[in-house]
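> Numbering-wise (full-length UniProt numbering), the sequence shown opens with residue 1 and increments by one.
Built from N, CA and C at the ideal position, the CB exists for glycine as well.
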Amino acid sequence: MSQSKKDIIEERRQNLPLPDDPPGEPIFNTADASAVNVGSGKIESNEPEPGREAHDNLKGPPNDAVSRSAKDHAGLSKTTNEDAPAQ
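(1) Measuring straight from C-alpha to C-alpha, what distance separates A65 and G75?
(2) Compute the Euclidean distance between the alpha carbons of G60 and T79, then round it to the nearest angstrom.
(3) Is E11 near the ligand ATP - that is, is its Cβ less than 7 Å away from at least one heavy atom of it?
(4) Whole-angstrom Cβ separation of D72 and N63, contact assumed at under 8 Å?
(5) Could you give the residue range of the alpha helix (DSSP H) that holds R13?
The following block contains the structure:
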């Protein structure tokens, strides 16, 4: 007769190798902020960088930053092929 699923699981669990050393103290239980506060805003700032509109002194969103159907609409700054020679 076949073994029950519980018996098979227990038998395989007992055959697993044990770790060489018992697990140590979890690192998140430390008072050392350098180990646990990674990416939590400790170094990052809330100040946004100036975008392309401010950097290039544009009056509105750049024309090449919108979908094709929205290009050349009122309120957009013409930025597509600005430096191309006239044909």
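Looking at the coordinates:
(1) Your numbering for residue 65 matches position 65 in the sequence shown. Your numbering for residue 75 matches position 75 in the sequence shown. Rounded to the nearest angstrom, the two C-alpha atoms are 13 Å apart.
(2) Residue 60 sits at position 60 when you count from the first residue of the sequence shown. Residue 79 sits at position 79 when you count from the first residue of the sequence shown. Using only the alpha carbons, I get a separation of about 11 Å.
(3) As far as ligands go, the structure on display features none, and thus does not contain the ligand ATP.
(4) Here residue 72 is taken as the residue at index 72 of the sequence shown, counted from 1. Here residue 63 is taken as the residue at index 63 of the sequence shown, counted from 1. Correct: roughly 7 Å between the Cβ atoms.
(5) The residue you call residue 13 lines up with position 13 of the sequence shown. Counting along the chain, the alpha helix (DSSP H) containing R13 begins and ends at 5-14.
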